[in-house]
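**Student:**
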Amino acid sequence: MVKAGDFKNNLTVDIDGTAYMVMEFQHVKPGKGSPFVRTKLKNIKSGSIIEKTFSPDDKFPKAHIEKKEMQYLYSDGELFNFMDMETYDQIALNAETIGDALKFVKENESVTICSYNNEVFAVEPPFFVELVVTETEPGFKGNTAQGATKPATVETGATVNVPLFVEEGDVLKIDTRSGEYLSRV
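Sequential numbering from 42 applies to the sequence shown in the working numbering.
(1) Alpha carbon to alpha carbon, what distance is there between C155 and I139?
(2) In chain order, what residues of the same chain have a beta carbon less than 6 angstroms from the beta carbon of A60, not counting five sequence neighbours either side?
(3) Please go through the same chain and pick out, in chain order, the residues whose beta-carbon is closer than 7 angstroms to the beta-carbon of N122, but skip the five residues on each side of it.
(4) Mind reading off the beta-carbon distance from V78 to P97? Whole number of angstroms is fine, and I expect it under 8 angstroms.
(5) Measuring CB to CB, does V161 end up less than 7 angstroms from V152?
(6) Whose C-alpha, out of T94, S219, D125, R218, is nearest the C-alpha of E150?
(7) Going by C-alpha to C-alpha distance, which of S219, K93, L213 sits closest to V226?
(8) My assumption, with CB atoms under 8 angstroms, is that F145 sits in contact with V173. Please give the rounded CB distance.
(9) Mind reading off the beta-carbon distance from G82 to K93? Whole number of angstroms is fine, and I expect it under 8 angstroms.
(10) If we count the other Cβ atoms within 10 Å of its Cβ and call it buried at 16 or more, is M42 buried or exposed?
(11) Can you tell me which of the three DSSP states I139 falls into?
(12) Can you name the start and end residues of the beta strand (DSSP E) that P192 belongs to?
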């Protein structure tokens with residue numbers, strides 16, 4: 042059990058059967074009345090953010106979020122299939138659960154599957170991936186302003202803004218959290 046007075050950022054707690062992550066918290070001691078904790082909480086499953094206040098003595102059970110590394114196998118249209126590398130068990134997740142987490146992930150790469158109470162709610166791709174540019178316009182010398190970029194399509198079908206010197210066939214290092222080009226490999 043965690044007291045509201047002991048909240049920390051990124052702590053996950055179970056409030057009324059729903060898992061929430063503490064995004065922000067503030068201990069408030071007004072001149073009159075009793076102190077309270079003002080929080081901003083993110084619903085783990087839906088992603089919605091709510092603001093709530095609690096007494097510092099309110100207690101909540103810690104929500105245990107299970108993270109398991111799995112291999113992304115393939116997509117068969119509406120379902121995405123993953124395999125546990127230790128037990129070889131396979132699971133299939135729908136596009137709603139996946140969101141755009143696999144935008145930069147190729148088949149047979151490892152991802153992290155997040156679940157709460159044995160229900161998968163998110164897929165986390167690796168922070169950085171290396172992908173081949175399959176389509177981009179040629180860049181011309183001389184037409185550069187400071188930091189000019191152009192769109193490039195990578196092998197997963199995602200589009201990334203890249204510097205003008207990047208060409209088709211180049212291997213790029215991409216940050217999956219922001220979708221930004223980092224460097225050529």
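All residues carry an ideal CB built from backbone N, CA and C; glycine is no exception.
**Tutor:** This is what the structure gives:
(1) 11 angstroms
(2) Cβ neighbours of A60 beyond the five flanking positions: T53, I85, A104, Y157.
(3) L114, Y115, Q131, A133
(4) 6 angstroms
(5) The answer is no: Cβ separation not under 7 angstroms.
(6) D125
(7) For V226, the closest alpha carbon among the candidates S219, K93, L213 is that of L213.
(8) Going by Cβ atoms, the distance from F145 to V173 rounds to 12 angstroms, so no, they are not a contact pair.
(9) Per the sequence shown, the amino acid found at residue 82 is Leu instead of Gly. L82 to K93, Cβ: 6 angstroms. Contact.
(10) exposed
(11) helix
(12) 190-195
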